[in-house]
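Working notes for the structure below.
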Amino acid sequence: MLLFYGKHFLLKFVYIYFMFSSKKRLDKAYKEAKTIYFDDSSKFILFSDCHRGDNSFADDFANNRNIYFHALKHYYAEGFQYCEIGDGDELWENTSFQPIFEAHKNVYLLMKLFHDQNRLHMIWGNHDMVYRNPNYVEKHLSTYFDPKLEKDVDLFCNLKYHEGIILNHKDSKQKLFLTHGHQADWWNYTFWKFSRFMVRVLWKPLNVMGIADPTSPAKNYKELIKVERRTKKWIIENNNLITIVGHTHRPRFPNPGDIAFFNDGSCVHPRSITGLEIENGEISLIKWYVDTTENGTLQIVRLLLEGPRKLVDYKTE
Numbered sequence: 001m002l003l004f005y006g007k008h009f010l011l012k013f014v015y016i017y018f019m020f021s022s023k024k025r026l027d028k029a030y031k032e033a034k035t036i037y038f039d040d041s042s043k044f045i046l047f048s049d050c051h052r053g054d055n056s057f058a059d060d061f062a063n064n065r066n067i068y069f070h071a072l073k074h075y076y077a078e079g080f081q082y083c084e085i086g087d088g089d090e091l092w093e094n095t096s097f098q099p100i101f102e103a104h105k106n107v108y109l110l111m112k113l114f115h116d117q118n119r120l121h122m123i124w125g126n127h128d129m130v131y132r133n134p135n136y137v138e139k140h141l142s143t144y145f146d147p148k149l150e151k152d153v154d155l156f157c158n159l160k161y162h163e164g165i166i167l168n169h170k171d172s173k174q175k176l177f178l179t180h181g182h183q184a185d186w187w188n189y190t191f192w193k194f195s196r197f198m199v200r201v202l203w204k205p206l207n208v209m210g211i212a213d214p215t216s217p218a219k220n221y222k223e224l225i226k227v228e229r230r231t232k233k234w235i236i237e238n239n240n241l242i243t244i245v246g247h248t249h250r251p252r253f254p255n256p257g258d259i260a261f262f263n264d265g266s267c268v269h270p271r272s273i274t275g276l277e278i279e280n281g282e283i284s285l286i287k288w289y290v291d292t293t294e295n296g297t298l299q300i301v302r303l304l305l306e307g308p309r310k311l312v313d314y315k316t317e
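Numbering (full-length UniProt numbering), first residue to last: 1 to 317.
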């Protein structure tokens, strides 16, 4: 009996500790977030969890890179701003940015067009947590070597990564908080270096054989539920602040009146990518995927999954 109550007390203590530490990390991300002011004429596309790799068998992004590139070209042409909500680059499986850039150079040169027009907003996640160091970003992402010109040329000069971004509506004063979401995942935030080590030496080779990393909430349903529960608790404690995350790879699009917890999904779904669009003061969940016409021609199409819903319908409590 004493053993039972002792175990029950320990589990309750661990639960409270995780909830408190998650709140502390989310509070910090919100307090230090970059603010972007917008209005109903503003347009944003939100993607996360691209996990761009080196085009090896372990590169999950490689399967969807044509879909992603086509979608991003569409958003660039239509005047959207691009917010990447963490885990854009896979820097757990890969030790440096260089082979990733070489594998997906066309993607980065397209992203550079957004950056050159101040339409690129970057958030770091657990798999690219090295980008929280401005010196690392400046050293590795500012330039790349062009073999034709035989010299370094500009890439993402003066690019800043953030832990969080707040979209603040100029008229309604409504705020949307964007962050990766691993703040509610104690293991992948506090011990990200150990997790990275395990991925490099163990889970990357096993992933090639089809064995998933059990520590990842995207591949462990029980962990996913815990992470979402902690995030929702924080949202409730902050007057139902609209909060948009990634990390778990599971798209979430609440109805007005529910907990304002959004997730844009990921760009490594089987044969598709998902994201969130903000346009005309409304938010929508969308999917891009490869479809076949009646004559057998392959095409990349956009599918509306949820919405559009007016942002003002998600009123704070």
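C-beta: ideal position from N, C-alpha, C; glycine also. From a predicted model like this one, the values you see are computed outputs, not experimental measurements.
Problem set entry | The beta strand (DSSP E) enclosing ILE259, as first and last residue numbers | Translated into positions along the sequence shown, residue 259 becomes position 259. Looking at the DSSP string, ILE259 is not in any beta strand (DSSP E), and its letter there is neither H nor E.
Exercise. Any idea what DSSP makes of VAL290, helix, strand or coil?
Worked result: As a first step, residue 290 is located in the sequence shown; it is residue number 290 there, counting from the start. Here VAL290 sits in strand by DSSP.
Exercise. Considering only C-alpha positions, which residue in the set ILE236, THR274 and LEU285 is nearest to PHE253?
Worked result: Position 253 of the sequence shown holds residue 253. Looking at the Cα atoms, LEU285 is the closest of the given residues.
For this session: Give the DSSP-derived three-state secondary structure of ASP313 in the structure shown.
Result: Within the sequence shown, numbered from 1, the residue matching residue 313 stands at position 313. Looking at ASP313 - three-state DSSP - the assignment turns out to be helix.
Exercise. Below 8 Å, can you find three or more Cβ-Cβ pairs linking the segment 121-135 to the segment 174-187?
Worked result: yes
Exercise. How would you call ILE16, buried or exposed, if buried means at least 16 neighbouring beta carbons within 10 angstroms?
Worked result: Here residue 16 is taken as the residue at index 16 of the sequence shown, counted from 1. Residue placement at ILE16 is poorly supported in this model, since its pLDDT is 41, which falls under 50; the coordinates still yield a value, given next. The residue is exposed, with fewer than 16 neighbouring Cβ atoms inside 10 Å.
Exercise. Where does the unbroken beta strand (DSSP E) through THR143 begin, and where does it stop?
Worked result: By one-based count along the sequence shown, residue 143 stands at place 143. 143-146 is the extent of the beta strand (DSSP E) around THR143.
Exercise. So what's TYR15 in DSSP terms, helix, strand or just coil?
Worked result: Translated into positions along the sequence shown, residue 15 becomes position 15. Only weak support is given to the placement of TYR15: the predicted model assigns it a pLDDT of 41, under 50, and the question is left unresolved by the model.
Exercise. Would VAL201 be called buried (16 or more neighbouring beta carbons within 10 Å of its own) or exposed?
Worked result: Against the sequence shown, residue 201 aligns to sequence position 201. By the 10 Å Cβ count, VAL201 comes out exposed.
Exercise. Where are the beta strand (DSSP E) runs, 3 residues long or more, that stay fully inside the segment 40-67, in chain order?
Worked result: 43-47
Exercise. Taking Cβ positions, are ILE165 and HIS115 nearer each other than 8 Å?
Worked result: Indexing the sequence shown from 1 puts residue 165 at position 165. Indexing the sequence shown from 1 puts residue 115 at position 115. No, the pair does not count as a contact, with Cβ atoms beyond the cut-off.
Problem set entry | Own chain, CB closer than 6 Å to GLU306, minus 5 neighbours either side, in chain order | In the sequence shown, counting from the first residue as 1, residue 306 sits at position 306. So the list reads PHE253 and LEU285, once near-sequence residues are dropped.
For this session: Kindly indicate which residue of VAL301, ALA71 and ILE283 has the alpha-carbon position closest to the one of ASP291.
Result: Residue 291 sits at position 291 when you count from the first residue of the sequence shown. The shortest C-alpha separation from ASP291 is found at VAL301.
Problem set entry | Beta-carbon proximity of TYR144 to VAL137, cut-off 8 Å | To locate residue 144, count along the sequence shown from 1; it is residue 144. To locate residue 137, count along the sequence shown from 1; it is residue 137. Contact flag unset, no.
For this session: Using beta-carbon positions only, say whether THR297 and LYS287 come within less than 8 Å of one another.
Result: Within the sequence shown, numbered from 1, the residue matching residue 297 stands at position 297. Within the sequence shown, numbered from 1, the residue matching residue 287 stands at position 287. It is not a contact, given that the beta carbons lie outside the stated cut-off.
For this session: Report buried or exposed for LEU311, applying the criterion of at least 16 other Cβ atoms within 10 angstroms of its Cβ.
Result: The residue given as residue 311 occupies position 311 in the sequence shown. Buried, because 16 or more other Cβ atoms sit within 10 Å of the Cβ of LEU311.
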